[in-house]
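If you're matching positions, the sequence shown starts at 0 in numbering that gives the first Met the number 0 and goes up one per residue. Beta carbons: idealized from backbone N, C-alpha and C, even for Gly. Below: one structure, written as structure tokens.
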Amino acid sequence: MRKLLEYFPPFIQLMLVRIYHFLYGSRYPYRKYTHKYQTIFIHVPKVAGTSILTSLMGDKVNRDHLTYREFKQSNSFLYDKYFKFCFVRNPYDRIVSVYEYLKSGGNQASDKYFQEIINNHYDTFESFVLEYLNAERIHEHVLFKPQYLFIYNEQGDSEVDFCGRYEKLEDDAYFVFKKLGVESSLPLKNRTLKNSDIADYYKNKSVKEKVGSLYHKDFEIFSYEV
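In structure tokens:
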């Protein structure tokens, strides 16, 4: 590329570099579905994201939990142009889902490390929350990360056009798919909690209080009751 540019005057070089970055700099993390439907899905962990991506992409889905920043930095033009959406979930429910998911092994190499930690030292949700989770560790693994960090900027403004709710998954997914022209039902993938009662995980008041404290911004921003 550099040798090729040497044959052109400076202003042409600059133009070619800009074209190159626009065409090739936008490839990652943008995928075929983003251009097909002109949409960007911010995949917040353990909020039915695999099901959403399966509807958009088909069966070949890889976990790629990126924040709005990666998309915006890669190509701000496309980011501003495309319809951006995400789904969020009650933090109490979500961290239980994360715990059970990692306890069973997850689906990434990095998950195995945390599976060993959990199964060897924190085999109950109570011990995991009270003895392991803290303000630093919720940033050690993308699955622990607070949801607001995926879609809110430093000024406290949302960077997406629509924020769906896991609690209204079918209705909100229908709204998004209809808007995008996606002809697909919502397959339920990676459902860690099937018939489990979330309340059973929070019989100890201290567990609920700590989760509420660690994820207080998620509760506040998304209006979930602490």
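If you compare the alpha carbons of Arg26, Leu132, Val46 with that of Glu169, the shortest gap goes to Val46.
Runs of alpha helix (DSSP H) with 4 or more residues, each lying fully within the stretch 49–96, are found at 67–73, 75–80, listed in chain order. Assignment of Tyr112 by DSSP, reduced to helix, strand and coil, places it in the helix class. By the criterion of a C-beta distance shorter than 7 Å, Tyr32 is surrounded in its chain by Leu55, Met56, once the five residues flanking it on both sides are discounted. For Ile150, there is no enclosing beta strand (DSSP E); the residue is part of the alpha helix (DSSP H) that begins and ends at 147–150. Counting C-beta atoms within 10 angstroms of its own C-beta, Lys204 has fewer than 16 neighbours from the protein chains shown and is therefore classed as exposed.
Going by beta carbons, Gly48 and His34 fall outside the 9 Å limit.
Secondary structure of Gly211 (DSSP, three-state): helix. Residue pairing of Ile39 in beta bridges, as defined by DSSP: Lys83.
Per DSSP, the continuous beta strand (DSSP E) segment holding Phe161 begins and ends at 161–164.
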